[in-house]
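J.: Take this structure first; my questions come after.
Residue numbers (the UniProt record's numbering): 1 to 363.
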């Protein structure tokens with residue numbers, strides 16, 4: 001459908017409004033004079049601080065599986081839906097509850113969009129995790145490379161959610177569907193699993209691997225979603241800052257110190273550095289930190305018409321600028337961490353090679 005055939009958004013509904021991406025997007029859209037109303041919805045309430053930031057937008061607590069969700073769409077004559085509930089895994093490891101939110105929640109949301117008489121535009125926040133991370137991936141991953149490496153786990157859940165969205169679009173050809181596959185997001189305010197690695201002066205890295213990282217600043221993530229809402233360009237797009245850096249470069253740019261460990265010791269190393277008794281890891285995270293990915297963003301620039309403000313290098317520099325000014329532990333403490341990690345690696349080396357997808361360590 002051509003852009004001229006699509007009306008400008010009037011009433012926008014944002015799912016996942018209690019997450020950082022969803023909540024801050026509600027705020028940005030509510031500040032636009034060309035959008036009449038913005039409604040944030042989620043199954044859980046936002047924090048008080050985030051709720052205040054959403055004003056003057058409305059927030060409605062509703063379970064997407066409830067028939068009330070579709071009624072809210074109809075009553076408010078929603079014409080644009082931004083599905084951000086997939087953001088639940090930004091700062092949480094995938095679990096049964098996150099799978100339910102991503103897969104079954106998406107199925108219900110897109111079913112409601114399909115039945116709606118007023119919805120004409122749908123924007124879905126997906127992730128570049130759908131490509132998986134492996135040594136055989138091309139130097140620049142295009143939007144067409146999906147499948148094998150994402151056959152299970154969280155990437156599979158995201159692909160399933162995308163499938164529901166495209167099924168809706170096939171049945172409702174009058175609805176424009178935009179799928180944004182966002183690169184890993186970092187920034188001074190957002191909490192993510194990758195960002196949490198850079199919260200301490202020492203960052204564990206996997207010996208023998210130096211993953212390629214192409215990142216997205218939190219402001220550009222929100223900017224891309226906002227642009228998709230108002231531009232009305234259908235399609236699937238990689239969204240990432242220009243350029244890629246290695247994990248070792250990222251650690252240096254952030255002003256942190258690397259702690260090389262063998263792969264089975266990565267989880268224990270994170271646990272020791274954070275001072276937490278139990279720290280989960282999963283196969284997807286370990287694969288990403290081993291190989292990483294870089295992305296072809298040609299479609300983002302030429303077809304979607306969006307250009308991020310921050311390069312990948314500038315993302316890490318911004319993280320360093322808003323992080324601790326200097327290391328907060330001395331050399332003696334670092335040596336102590338190394339010794340504890342080495343001991344844990346010897347103890348748990350068998351677990352890392354057992355083929356299990358994830359494990360936790362009690363300290």
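Positions of the beta carbon are idealized from the N, C-alpha and C atoms, including for glycine.
Roughly how many angstroms lie between the CA atoms of residue 4 and residue 40, to the nearest whole one?
T.: For this step, residue 4 is matched to residue 4 along the chain shown. For this step, residue 40 is matched to residue 40 along the chain shown. Summary for residue 4: the model assigns pLDDT 38, below 50, so the residue's position carries little reliability, and this model does not support an answer.
J.: How should residue 44 be labelled, buried or exposed, when 16 other C-beta atoms within 10 angstroms of its C-beta is the threshold for buried?
T.: Translated into the one-based positions of the chain shown, residue 44 becomes position 44. Counting Cβ neighbours within 10 Å, residue 44 comes out exposed, since fewer than 16 surround it.
J.: Runs of 4 residues minimum, wholly inside the region 103–168: which ones carry the alpha helix (DSSP H) assignment?
T.: Counting only runs of 4 or more, we get 105–115.
J.: Going along the chain, which residues of its own chain have a beta-carbon closer than 7 Å to the beta-carbon of residue 377, five neighbours each way excluded?
T.: Shown here, the chain extends from 1 to 363; a query on residue 377 therefore has no answer.
J.: When you compare only the Cα positions, how much space is there between residue 186 and residue 164?
T.: Reading the chain shown from its first residue, position 186 is the one you call residue 186. Reading the chain shown from its first residue, position 164 is the one you call residue 164. In a straight line, the C-alpha of residue 186 is about 28 Å away from that of residue 164.
J.: Cα separation between residue 157 and residue 99?
T.: Residue numbering aside, residue 157 sits at position 157 when the chain shown is read from its first letter. Residue numbering aside, residue 99 sits at position 99 when the chain shown is read from its first letter. Those two C-alpha atoms are separated by around 7 Å.
J.: Considering only C-alpha positions, which residue in the set 47, 27, 51, 109 is nearest to residue 65?
T.: The count along the chain shown starts at 1 and reaches residue 65 at position 65. Here the closest residue by C-alpha is 109.
J.: Any idea what DSSP makes of residue 52, helix, strand or coil?
T.: Here residue 52 is taken as the residue at index 52 of the chain shown, counted from 1. In the structure shown, residue 52 sits in a helix (DSSP, three-state: H, G or I).
J.: For the region 169–230, which segments carrying the alpha helix (DSSP H) assignment without a break, of at least 4 residues, lie completely within its bounds, in sequence order?
T.: Counting only runs of 4 or more, we get 193–196.
J.: Along the chain, where does the beta strand (DSSP E) that runs through residue 47 open and close?
T.: The residue you call residue 47 lines up with position 47 of the chain shown. Element bounds for residue 47: n/a, residue is neither H nor E.
J.: Alpha carbon to alpha carbon, what distance is there between residue 59 and residue 254?
T.: As a working mapping, residue 254 is identified with position 254 in the chain shown. As a working mapping, residue 59 is identified with position 59 in the chain shown. Those two C-alpha atoms are separated by around 36 Å.
J.: Give the DSSP-derived three-state secondary structure of residue 79 in the structure shown.
T.: Residue 79 sits at position 79 when you count from the first residue of the chain shown. It is coil, neither helix nor strand.
J.: CA-CA distance, residue 266 and residue 135?
T.: Taking the chain shown and counting its residues from 1, one reaches residue 266 at position 266. Taking the chain shown and counting its residues from 1, one reaches residue 135 at position 135. Spanning the two alpha carbons is a distance of roughly 19 Å.
J.: Would you mind reading off the limits of the alpha helix (DSSP H) that contains residue 317?
T.: Here residue 317 refers to the residue found at position 317 of the chain shown. It spans 312–322 - the alpha helix (DSSP H) in which residue 317 sits, taken as one unbroken run.
J.: Closer than 8 Å is the cut-off here; do at least three beta carbon pairs connect the region 216–228 with the region 283–299?
T.: Because the criterion of three Cβ pairs below 8 Å is not met, the region 216–228 and the region 283–299 do not touch.
J.: Considering residue 62, what are the terminal residues of the alpha helix (DSSP H) in which it resides?
T.: For the purposes of this step, residue 62 is identified with residue 62 of the chain shown, where counting begins at 1. Counting along the chain, residue 62 falls outside any alpha helix (DSSP H), and DSSP gives it neither H nor E.
J.: What three-state label does DSSP hand residue 42 in the structure shown?
T.: Within the chain shown, residue 42 is the residue found at index 42, counting from 1. In the structure shown, residue 42 sits in a strand (DSSP, three-state: E or B).
J.: Pull up the DSSP beta-bridge partners for residue 296, would you.
T.: Counted from its first residue, the chain shown places residue 296 at position 296. Paired residues: none, contrary to the question.
J.: Relative to the C-alpha of residue 218, which residue among 310, 256, 245, 166 is closest?
T.: Start at 1 with the first residue of the chain shown, and residue 218 comes out as number 218. Nearest option by C-alpha distance: 310.
J.: State the CB to CB distance for the pair residue 26 and residue 11, rounded to an integer number of angstroms; the pair is presumed to be in contact (CB under 8 Å).
T.: Taking the first residue of the chain shown as position 1, residue 26 is located at position 26. Taking the first residue of the chain shown as position 1, residue 11 is located at position 11. Not a contact, Cβ separation roughly 13 Å.
J.: Please say whether residue 119 and residue 207 have beta carbons closer to each other than 8 Å?
T.: One-based indexing of the chain shown puts residue 207 at position 207. One-based indexing of the chain shown puts residue 119 at position 119. Against a cut-off of 8 Å, the Cβ pair of residue 119 and residue 207 comes out as no contact.
J.: Considering only the beta carbon of each residue, do residue 273 and residue 204 sit closer than 8 Å?
T.: Here residue 273 refers to the residue found at position 273 when the chain shown is read from its first residue. Here residue 204 refers to the residue found at position 204 when the chain shown is read from its first residue. Yes, the Cβ-Cβ distance between residue 273 and residue 204 is below 8 Å.
J.: Looking only at its own chain, which residues have a Cβ that is under 6 Å from the Cβ of residue 250, when we skip the five neighbours before and after it?
T.: Position 250 of the chain shown, counted from the start, is the residue given in the question as residue 250. Excluding positions up to five away in sequence, the list reads 213, 316.
J.: Please name the residue, chosen from 210, 202, 105, 50, that lies closest to residue 291 on a Cα-to-Cα basis.
T.: On the chain shown, position 291 is the one that residue 291 refers to. Cα-wise, what sits closest to residue 291 is 210.
J.: Do you know whose CA, among 112, 182, 57, 123, lies nearest residue 32's CA?
T.: Here residue 32 corresponds to residue number 32 of the chain shown, with the count starting at 1. The residue with the shortest Cα to Cα distance from residue 32 is 57.
J.: Where DSSP assigns a beta bridge to residue 242, which residues make up the other side?
T.: Residue mapping note: residue 242 aligns to position 242 of the chain shown, counting from 1. Its beta-bridge partners do not exist; DSSP assigns none.
J.: In angstroms with no decimal places, state the Cα-to-Cα distance between residue 30 and residue 84.
T.: Residue 30 sits at position 30 when you count from the first residue of the chain shown. Residue 84 sits at position 84 when you count from the first residue of the chain shown. Using only the alpha carbons, I get a separation of about 16 Å.
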